[in-house]
Every structure is written in C-alpha cells, then in structure tokens.
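Asks: Here you go, one structure.
Protein chains: 4
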Amino acid sequence: MDPTTPQVACFEAGIKFGSLYHQFAGTPVSPDSADSLAAAMEDAIENQPHCESVTVEVREAPLREAIAAAGADYTELTGRFLDVSMTIDYEGCVVETSMAMADGYPLMQVDSVGE
Amino acid sequence: MDPTTPQVACFEAGIKFGSLYHQFAGTPVSPDSADSLAAAMEDAIENQPHCESVTVEVREAPLREAIAAAGADYTELTGRFLDVSMTIDYEGCVVETSMAMADGYPLMQVDSVGE
Amino acid sequence: MDPTTPQVACFEAGIKFGSLYHQFAGTPVSPDSADSLAAAMEDAIENQPHCESVTVEVREAPLREAIAAAGADYTELTGRFLDVSMTIDYEGCVVETSMAMADGYPLMQVDSVGE
Amino acid sequence: MDPTTPQVACFEAGIKFGSLYHQFAGTPVSPDSADSLAAAMEDAIENQPHCESVTVEVREAPLREAIAAAGADYTELTGRFLDVSMTIDYEGCVVETSMAMADGYPLMQVDSVGE
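Residue numbers (numbering that gives the first Met the number 0), protein chains in the order written: chain A, 0 to 114; chain B, 0 to 114; chain C, 0 to 114; chain D, 0 to 114.
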C-alpha cells in the first residue's frame, strides 16, 4: 500500500537520525569541544526538510570516563556519548523522536506520532 | 499517540537511508571503484537491524560526466550518482523504499508499506 | 630511510586535513548554520595530537550561489565552500598548511615548514 | 621554509590516512561484511592523487570479540579493527606508511621515505 502521511513523517524522522549519527560519528571530541559539536549537529540537521528542531547533548560523564580510561585527551564521538531528541513536522503530522542509552546501547525511537 | 508497527517500520527505513547517505557521501569514487563501493554500501547497511536487503547502483553516466567536466580522475560520492532501493522488515511489516533522481535531486521515498 | 622530524610533522599535518575534510564533507549546511559548523570543525580537529590551531571559514558567496542554483534551502558541505588553515607543531617543528580554491578545486598544501 | 619534495610526499600520505579513517569510521561492520568494506576502502583511497596502493585488513579477532561482548550482530568500524598500509609516490619520492595497534591505540606512522 502507499504510505500514509504519518508513515512518511516517521520515515523522514528516521532519515534525520541516520544522517545525524553517521555524519558525526567518529568526530574527535573532548569535554572542551563537546558544546560546539552539539551546536553544529543541531544546526546542520535542522537544515533538512521537515525538521522542526533538534536537541543534542553530549553526555559529559561517560565522555570523561572513556577519555580517562584511554589515558587520552579526546575520543571519537559515538552513540553512548549522546542524548538526542528531534521534532519532525511532515504535512502537519508531528513526530517526536529520541536517542538515548538502553541496556548499554544507543536506541533511536519514535516517542509519539501526531494525528 | 504511540507509534504503530508500520510507522516504526518506516522510521527504521529512514534510519537506514540517512545512515547510508551520510556514511558514504564524500567517498572518492571513479568508474573503476564504483562497484566495490556499491557492494560495501549494501553489505554495511544490511548489518543494521530489520534491514532485509539493500541494492546500490552507482550511475556511471553522470559519474563519468562529472569527472570529465572537472578534468579529474575521480570525484566525491553524492546522491546524483546513486540509485538505491531497500527492503525493511520490522515485526512482519515490510517497507519498500528507494532513492533516485527527481528534478535534479536525489529523493528518498517510501514506495510501499505492507500491512 | 626513517622519516625526519619535519617529514613526520608534514605527515601529521596531512592527517588533520584528511580528517577534517572527510569527517565533515556532506554535512547539510546553509548560511545560517555555517558558523556553528566552522566552529565545530575547528574545535574537533584541534583535539588531535600536535594540532596547534585550526581556522575554518565557510565561503558564503559560493554557498549562497549553490543553494540558489538548486532552488534549495541548504546544500552539502564540500571543499569549494571552505577556506582552512592549520598550524601543526610536532616536536618543535612548526608546519603551516592551508586549503583554498585553485583552478576550481580545493587544494590542500604545505605553506611552510619550520626548522 | 618552503617544503621539500619528501615533506610534501609525507603530507600527501597523511591526507590519505586521515581521509580513509574519517570517511569510513562508524560504518556498520560484521565478519561477513568486512571483506567488501576493506576492498572499498582500498579502491576509494587509491583514487586520490599520488596514492600508489592501499592495503586494508579488518582484524577479525577483535571484531568478533567486540560484537560478542555487546551481544550484537555487528559493530561500528574503528581503528582497533584495522591494519592499513599505504604507498605514496609524490614526484618520485616513495613514502611507506601504516596504521596498526600500539599500546591499545591505532597509530598512524611513516615507515620509510625514499630519497
């Protein structure tokens, strides 16, 4: 069957999550550079169509732990350092999505779908 | 409202498209390296959850044109060199998706959503 | 032969350029999001070893032209929208490098090597 | 001072390493998809100027361990799963470089510089 408007809204939301993750995963990151990276991720993905807002937070505690465990000054960005939420509005259908840790893994999920 | 199974299936499909595009966009590509890149893109994204199959074709004509226009030996991978189709199966709901050129732009879309 | 200190300094400089370019190429960018992206690129790459400073400027004129030509609101980051300069200090050997347009192409080059 | 030919050769070698790493880090990878990814990485980077040859091996043991430890089917490509060697030839100056694990970290280095 052809997709419904809410289904396309969810597809669009997924595109943004995959884009955000795979564009920026691997970026060198430290506590000092976390804020500018988070801001750039938000602004970059908000350019994409139907993307109302993106909020990215770099989780400082696991970031500091990973850097300390490695005896390094920075590490590479990966999902366990990120909390992300996004609002997509596709033809009036609002989808709320988020990525957070679940059982030790970053889980991307649809939190709600407007009518 | 909470998402339905078909809506989550579409979200999952979107994640794969965003991942594929933003992981590989910018890769140096030429006619000689196009096949191995396409194969790697397929195999890499098929690792992701609920991803049944991925087909990537690098469009040789626009690739050759871009390289010739630049007087170069290769260029960077971008959407206008790609035809992609994907099948997602999320809890029995099968979603068919594709990316192809429309009005000069690569358009990612949901082609069908199973019941 | 084993590399000399200035040769390793140039190798380190090259690593930073390749990293910067291929980490961020393909990022959605518009005039409004250019500054936060440039700041994140600078801060991210400055994390890398022996990297004293990175300056990234997004060239607004070609960015606006590309977006207008496409009838779009944003485009994907690529070399022709970037001016980059970097200072590497490897064991006291200072290398100055830059990337800018030459004959329509972004050219990465070593500007000077300290003694 | 202006760079010498061997210094530029080392800069070019560094560009290829940074490109390879940051283009492909984060790619979903499993033992089954490792070979096609390695082949694509080699072919893609060999497109770049002055790049004679690239050899990429995905280290299967640490890859399998990381996947098993996570109770997953795949993981994201990162340096500890890679052995890479490259030969650069810049105006007759041949540079041999490699990346391998040292003290738990992937270390990119210049192995030799021709005259």
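Yeah, the Cβ is synthetic: ideal placement off N, Cα and C, and Gly gets one too. Bear in mind the structure is a predicted one, so any value in this text is a computation, not a measurement.
Report the neighbours of D/S174 on chain B: residues whose CB is nearer than 8 Å to its CB, in chain order.
Replies: Because chain D spans 0 through 114 in this model, residue 174 of chain D falls outside it and cannot be assessed.
Asks: Taking 8 Å as the threshold, find out whether the stretch 31-39 of chain A comes into contact with the stretch 88-101 of chain A through three or more Cβ pairs.
Replies: Output reads no: the stretch 88-101 of chain A does not touch the stretch 31-39 of chain A.
Asks: Between D/D88 and the rest of its own chain, which residues show a CB-CB distance below 7 Å, the 5 nearest in sequence each way excluded?
Replies: In the fourth sequence, counting from the first residue as 1, residue 88 of chain D sits at position 89. If we look at D/D88 and ignore the five residues flanking it on each side, its Cβ neighbours are H49 and E51.
Asks: Nearest CA to the CA of C/A65: which residue from C/V55, C/A38, C/G91 and C/V28?
Replies: Your numbering for residue 65 of chain C matches position 66 in the third sequence. Measuring from the Cα of C/A65, the nearest candidate turns out to be C/V28.
Asks: Please confirm whether C/T86 has its beta-carbon closer than 9 Å to some beta-carbon of chain A.
Replies: Here residue 86 of chain C refers to the residue found at position 87 of the third sequence. It does not: the Cβ of C/T86 has no partner Cβ on chain A nearer than 9 Å.
Asks: Against chain A, does C/P105 count as a neighbour if the rule is that its beta carbon must be under 9 Å from one of theirs?
Replies: Position 106 of the third sequence, counting from 1, holds the residue named residue 105 of chain C. Not an interface residue.
Asks: Does the Cβ-Cβ distance between D/L76 and D/T26 come in under 9 Å?
Replies: As a position in the fourth sequence, residue 76 of chain D is number 77, starting the count at 1. As a position in the fourth sequence, residue 26 of chain D is number 27, starting the count at 1. It is a contact, given that the beta carbons lie within the stated cut-off.
Asks: For D/F10, which residues of its own chain have a beta-carbon under 8 Å away from its beta-carbon, when the five flanking residues on both sides are left out?
Replies: Position 11 of the fourth sequence, counted from the start, is the residue given in the question as residue 10 of chain D. These residues qualify, in order along the chain: P2.
Asks: Does DSSP put A/E51 in a helix, a strand or coil?
Replies: Here residue 51 of chain A is taken as the residue at index 52 of the first sequence, counted from 1. A/E51: strand per DSSP, three-state reduction.
Asks: Determine which residues of the stretch 10-33 of chain C have a Cβ less than 7 Å from any Cβ of chain B, and write them out in chain order.
Replies: Listed by position, the residues of the stretch 10-33 of chain C near chain B (Cβ gap below 7 Å) are H21, A24 and G25.
Asks: Check whether chain D comes within 9 Å of A/A69, counting only Cβ atoms and requiring the distance to be less than that.
Replies: Taking the first sequence and counting its residues from 1, the one referred to as residue 69 of chain A is at position 70. Yes, its Cβ sits closer than 9 Å to a Cβ of chain D.
Asks: Where does the unbroken alpha helix (DSSP H) through D/L36 begin, and where does it stop?
Replies: Counting from one through the fourth sequence, the residue named residue 36 of chain D turns up at place 37. Residues A33 to E45.
Asks: Give me the chain B residues within the contact set of A/S111, using Cβ-Cβ distance strictly less than 8 Å, ordered along the chain.
Replies: As a first step, residue 111 of chain A is located in the first sequence; it is residue number 112 there, counting from the start. M0, D1 and P2, listed in chain order.
Asks: Which residue's Cα is closest to the Cα of C/I44: D/A43, D/E56, D/H21 and D/R58?
Replies: Here residue 44 of chain C refers to the residue found at position 45 of the third sequence. Among D/A43, D/E56, D/H21 and D/R58, the Cα nearest to that of C/I44 belongs to D/H21.
Asks: What does DSSP give as the partner residues of C/M100 in its beta bridges?
Replies: Mapped onto the third sequence, residue 100 of chain C falls at position 101. Answer is C/P105, bridged to C/M100.
Asks: How would you write the range of the alpha helix (DSSP H) that D/V20 sits in, first residue to last?
Replies: Along the fourth sequence, read from residue 1 onward, the residue named residue 20 of chain D stands at position 21. The question names Val, but residue 20 of chain D in the sequence shown is Tyr. Per DSSP, D/Y20 belongs to the alpha helix (DSSP H) from T4 to F23.
Asks: Determine the closest residue to C/Y100 out of C/I14, C/G113 and C/F80, with distance taken between C-alpha atoms.
Replies: Translated into positions along the third sequence, residue 100 of chain C becomes position 101. A quick correction: the sequence has Met, not Tyr, at residue 100 of chain C. Among C/I14, C/G113 and C/F80, the Cα nearest to that of C/M100 is on C/F80.
Asks: Taking the C-alpha atoms as reference points, what is the distance between C/R58 and A/N46?
Replies: Against the third sequence, residue 58 of chain C aligns to sequence position 59. Against the first sequence, residue 46 of chain A aligns to sequence position 47. For C/R58 and A/N46, the distance between alpha carbons rounds to 18 Å.
Asks: Would you mind telling me which residues of chain B sit closer than 7 Å to C/E75, beta carbon to beta carbon, in chain order?
Replies: Numbered from its first residue, the third sequence carries residue 75 of chain C at position 76. Within chain B, the residues near C/E75 are A24 and T77.
Asks: Three-state secondary structure (DSSP) at D/E90?
Replies: Residue 90 of chain D sits at position 91 when you count from the first residue of the fourth sequence. Coil.
Asks: Could you tell me the distance, in whole angstroms, from the CA atom of A/I14 to the CA atom of B/A24?
Replies: In the first sequence, counting from the first residue as 1, residue 14 of chain A sits at position 15. In the second sequence, counting from the first residue as 1, residue 24 of chain B sits at position 25. So the two alpha carbons sit approximately 14 Å from each other.
Asks: Looking only at C-alpha atoms, which of D/M40, D/A71, D/A67 and D/G70 sits nearest to D/E56?
Replies: Looking up residue 56 of chain D in the fourth sequence gives position 57. Checking every option, the nearest Cα to that of D/E56 belongs to D/M40.
Asks: Shortest alpha-carbon distance to D/L19 belongs to which of D/A8, D/G113, D/V112 and D/A37?
Replies: On the fourth sequence, position 20 is the one that residue 19 of chain D refers to. Among D/A8, D/G113, D/V112 and D/A37, the Cα nearest to that of D/L19 belongs to D/A37.
Asks: Checking the sheet assignment: what are the DSSP bridge partners for B/T74?
Replies: The residue labelled residue 74 of chain B in the question sits at position 75 within the second sequence. Partner(s): B/V28.
Asks: Using only the alpha-carbon positions, how far apart do A/T86 and B/V83 sit?
Replies: Counting from 1 along the first sequence, the entry for residue 86 of chain A is found at position 87. Counting from 1 along the second sequence, the entry for residue 83 of chain B is found at position 84. Rounded to whole angstroms, A/T86 to B/V83 spans 26 Å at the Cα level.
Asks: Measure from the alpha carbon of C/E90 to the alpha carbon of each residue in C/V53, C/A71, C/F16 and C/V112, then state which is nearest.
Replies: What you label residue 90 of chain C is simply residue 91 of the third sequence in a count that begins at 1. Of the candidates C/V53, C/A71, C/F16 and C/V112, the one whose C-alpha sits nearest the C-alpha of C/E90 is C/V112.
Asks: Between the alpha carbons of D/V109 and B/P5, how many angstroms are there, rounded?
Replies: Locating residue 109 of chain D in the fourth sequence gives position 110, where the first residue counts as 1. Locating residue 5 of chain B in the second sequence gives position 6, where the first residue counts as 1. Roughly 52 Å between the two C-alpha positions.
Asks: C/D72 CB to nearest chain A CB: under 9 Å?
Replies: Here residue 72 of chain C is taken as the residue at index 73 of the third sequence, counted from 1. Chain A contact via Cβ: present.
Asks: Let me know if B/A12 comes out buried or exposed under the rule of 16 or more other beta-carbons within 10 Å of its beta-carbon.
Replies: Reading the second sequence from its first residue, position 13 is the one you call residue 12 of chain B. Buried, because 16 or more other Cβ atoms sit within 10 Å of the Cβ of B/A12.
Asks: Starting from the C-beta of D/R63, find all residues in its chain whose C-beta is less than 8 Å away, skip the five residues before and the five after it, and write them out in chain order.
Replies: Along the fourth sequence, read from residue 1 onward, the residue named residue 63 of chain D stands at position 64. Once the five neighbours on either side are set aside, the close Cβ partners of D/R63 are P30.
Asks: Taking the alpha helix (DSSP H) that B/R63 belongs to, which residues open and close that run?
Replies: For the purposes of this step, residue 63 of chain B is identified with residue 64 of the second sequence, where counting begins at 1. From DSSP, the alpha helix (DSSP H) with B/R63 extends over E59 to A69.
Asks: Identify, in the order they occur along the chain, each residue of the same chain with its Cβ nearer than 7 Å to the Cβ of B/Y73, setting aside the five sequence neighbours on each side.
Replies: The residue labelled residue 73 of chain B in the question sits at position 74 within the second sequence. The residues are P27, V28, S29 and I66.
Asks: Using a beta-carbon distance below 9 Å, is B/S35 in contact with chain D?
Replies: Residue 35 of chain B sits at position 36 when you count from the first residue of the second sequence. Yes - at least one Cβ of chain D is within 9 Å of the one on B/S35.
Asks: Are there 16 or more other CB atoms within 10 angstroms of the CB of B/M107, so buried, or fewer, so exposed?
Replies: One-based indexing of the second sequence puts residue 107 of chain B at position 108. Result: buried.
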